[in-house]
Every structure is written in C-alpha cells, then in structure tokens.
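In order, the protein sequence lines correspond to chains C and R.
With the first sequence counted from 1, adding 100 to any position gets you the working numbering.
With the second sequence counted from 1, adding 59 to any position gets you the working numbering.
Note that beta-carbon positions come from the ideal geometry of N, C-alpha and C, so glycine has one too.
Take a look at the structure below.
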Amino acid sequence: DAGVTQSPTHLIKTRGQHVTLRCSPISGHKSVSWYQQVLGQGPQFIFQYYEKEERGRGNFPDRFSARQFPNYSSELNVNALLLGDSALYLCASNPPPDRVPLYGYTFGSGTRLTVV
Amino acid sequence: RKEVEQDPGPFNVPEGATVAFNCTYSNSASQSFFWYRQDCRKEPKLLMSVYSSGNEDGRFTAQLNRASQYISLLIRDSKLSDSATYLCVAFKYGNKLVFGAGTILRVKS
C-alpha cells in the first residue's frame, strides 16, 4: 500500500514565477494538510482539506492556494514567488479525527523549493 | 509567545547516555500530543503519541503533564542512530498539528 506521495521532489524557480506542488494521500484517507518548513524551524500549517472542502488555513498570504480533487489528491499553488518561499513543503495524510491521537499525521517526503 | 516551545539544543551526548527533552505548550485546548523525529532533509516521522499516564516504547518514554502544560521525552541508552531533530507537536481535535521548532540530538561514539 503506497504511502503519501509528493511531486516533484525538488524544484528551482525564479522570483515572480508560480509553482504547483502535488500530493496523493494514503489510500482511504480523505483529508490532507500542507505545511511549510523553513530551515531551522518546525513545519508551519498552510491548509487543510477534507472531502474537497477547505477546513483550515494558516497565516499565509493569498498567494498561497490549494485544492483537493475527487480522488482526494491535492495541489498547492504559490503565485508571485518570493525568495522567502524557499522551503520544504510537506503534505500530510490525515486519518479520521478519532484516530489522530493514536496515529498522528503521516507526511510525504516533501518538495524542496528553491526560489532564486 | 510560540504555541509550542522546545529547547533547540543541540544536545551532544555519548553513546549509552540518557537524555531528556522538554516541551511546553500554551493552548490548553490542545488534546493530543506527539513526538516526531526528523532526519536531516527528510520528512517528520511519528516517534510516539503521548498519553496523560505516560507511555513507553522500548528505550523511549514520553510524559504529559496537563496541569503544567508540559511534555517530555526520555531516551535511554542512546544510539548513534538516534541522532536527529525531535519535534514536539500539539493537536486540537478538528484542527491542525502545531510543531515546536525541534530539538537537535547528536549522539557521538
């Protein structure tokens, strides 16, 4: 059974460009979350989606957007890239809420975005 | 004040040592807590869930003190392979995971 898959693994973009990151959750999971991790810090929450609906949004500018598809995969889009957007972007596959205390969230291996 | 705070370290310990990490959280509505392990340039992986009664998994023991809003992780008989960043995490039902900045552990031979 596949875990959480993210693509691409690495990406280099120029300031002002836009980027689309992709994620497929664990089979059977209907919810995904996106996190940004800059060097030296813990992951910061960006978005959570459940059944294609946005269920939470972190303190990120409107340049960040996301969506979830009928097959529960998800995309994170970032427009007008800034140097400060350089980070590891992590997608988490979320089990049903009553199982979170036992299993936590499972993360994909991430997309490392470098903005130059 | 950050919602989850950890001592960043690094903790440099010899093999076989016992090491303890502490973490405090500010949101009393947080319901579940975890320790995640993150290796360099890799994704975080769940090490342990933390329960009020305390729980143990081999060489690892986690404790939660809700009154003091304090979480700890104890690692006994440290191995070289334990070298990593340990992330303290809080979760409120229906909400997001909130991560601390992580504590770096380096185990040396």
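Give the straight-line distance between the Cα atoms of C/Arg217 and C/Gly140, rounded to the nearest whole angstrom. Within the shown structure, residues of chain C are numbered from 101 to 216, placing residue 217 of chain C beyond reach of any answer.
Is R/Phe119 close to chain C, meaning its C-beta is less than 8 Å from at least one C-beta of that chain? R/Phe119 does not count as touching chain C.
How about C/Tyr149: is its C-beta nearer than 8 Å to some C-beta of chain R? Contact of C/Tyr149 with chain R is not assigned, every C-beta pair being separated by 8 Å or more.
Are the CB atoms of C/Gly158 and C/Gln144 within a distance shorter than 8 Å? Inclusion of C/Gln144 and C/Gly158 in the CB contact set at 8 Å is warranted, their separation being smaller than that value.
Cutoff 7 Å; reference C/Pro195; Cβ partners in own chain excluding five residues on either side: His129 and Tyr203
Chain C residues whose Cβ lies nearer than 7 Å to that of R/Glu186: Since the displayed chain R opens at 60 and closes at 168, residue 186 of chain R lies outside it and no answer follows.
Of the residues R/Tyr145, R/Gly117 and R/Phe80, which one's Cα is nearest the Cα of R/Gln97? Checked all of R/Tyr145, R/Gly117 and R/Phe80; the closest Cα to R/Gln97 is R/Tyr145.
Find the residues of chain R that neighbour C/Tyr205, judging by a C-beta separation of less than 7 Å, and give them in chain order. Leu156
Are the C-beta of R/Phe80 and some C-beta of chain C separated by less than 8 Å? no
By DSSP, does R/Tyr84 sit in helix, in strand, or in coil? strand
Does any heavy atom of the ligand FAD sit closer than 7 Å to the C-beta of R/Phe70? As far as ligands go, the structure on display features none, and thus does not contain the ligand FAD.
Assuming R/Phe158 and R/Val63 form a contact by the criterion Cβ under 8 Å, report the distance between their Cβ atoms to the nearest whole angstrom. 6 Å between Cβ atoms; contact.
Output the distance between the C-alpha atoms of R/Val148 and C/Ala192, rounded to the nearest integer angstrom. 14 Å
If we ignore side chains and look at the alpha-carbon of each, how far apart do C/Gly118 and R/Ile134 end up? Reading off the sequence shown, one finds His at residue 118 of chain C, where the question assumed Gly. Answer to the nearest angstrom: the Cα atoms are 43 Å apart.
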